[in-house]
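Count along the sequence shown starting at 1, add 1, and that's the number in our numbering.
Even glycine gets a Cβ: it sits at the ideal position worked out from N, Cα and C.
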Amino acid sequence: MKCPYCDYSGTKVLDSRPANDNKSIRRRRECEKCQRRFTTFEMVEETPLIVIKKDGSREEFNRDKMLRGLIRACEKRPVSVEQLEAIVSEVEKEMRSHAYAEVASREIGELVMEQLYPVDEVAYVRFASVYRQFKDINMFMKELNQLLGKHTDPSVK
2 MKCPYCDYSG TKVLDSRPAN DNKSIRRRRE CEKCQRRFTT FEMVEETPLI VIKKDGSREE
62 FNRDKMLRGL IRACEKRPVS VEQLEAIVSE VEKEMRSHAY AEVASREIGE LVMEQLYPVD
122 EVAYVRFASV YRQFKDINMF MKELNQLLGK HTDPSVK
């Protein structure tokens, strides 16, 4: 394993433990040259999952890209990176459980919003505004009204 700080190829493993529901191993490593520590993850290489974009193009599913989008949506919100990583893992698990080689980006977006809503409603609206590409304030208000409708108790007037 190459050190990310000094590019030296010699490292030693200080600690290993299971991660992501025993689907990967988290290793704490130390560079033998600069003594800096870093974390790596080892996981089973799965068949590639292809995302079909809105324009019809295809690209390989990228966990980091989804995580970056969630981090932007949750900026200045009380949501931890661990919560966001759990959302990404859950969405990926859901997609792979259907054993499809290709998934439409709109399906992925819906899965993300489904997971994000209970975590933080403001982040949910932020993510939805980018994902659904609201063209005007009316579309945005429609989404907000649907969100508010989920909290309205019909027995209370």
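Per DSSP, the continuous alpha helix (DSSP H) segment holding Val113 begins and ends at Ser106 to Leu117.
In the structure shown, Val80 adopts coil according to DSSP, grouped into three states.
Judged by beta-carbon spacing, Leu85 lies within the 7 angstroms limit of Leu68, meaning their Cβ atoms are closer than that value. In the structure shown, Lys66 adopts helical secondary structure according to DSSP, grouped into three states.
Between the beta-carbon of Arg97 and that of Leu50 there is about 7 angstroms, and that keeps the pair under the 8 angstroms contact cut. A straight line joining the alpha-carbon of Glu60 with that of Ser106 spans about 10 angstroms. The residues Val126, in chain order, have a CB closer than 8 angstroms to that of Leu145 in the same chain once the five nearest residues on each side in sequence are set aside. Closest by C-alpha distance to Thr40, out of Ile53, Val14, Asp65 and Asn63, is Val14. Proximity to Gly57 across Val104, Val82 and Cys32 peaks at Val104, based on C-alpha coordinates. A contact is defined here as three or more CB-CB pairs under 8 angstroms, and the region 23-41 meets this definition with respect to the region 3-11. Rounded to whole angstroms, the Cβ separation of Thr12 and Glu33 is 6 angstroms, and the two are in contact under 8 angstroms. Nearest neighbour of Arg64 by Cα position, chosen from Asn23, Gly110, Lys77 and Glu76, turns out to be Gly110. Here Glu103 carries a strand assignment [DSSP, helix/strand/coil]. Counted as a single uninterrupted DSSP element, the alpha helix (DSSP H) harbouring Arg127 occupies residues Glu122 to Tyr132. If you compare the alpha carbons of Cys75, Ala87, Tyr132 and Ser81 with that of Glu122, the shortest gap goes to Cys75. When DSSP reads this structure, Cys4 sits in no beta bridge, so it has no partner.
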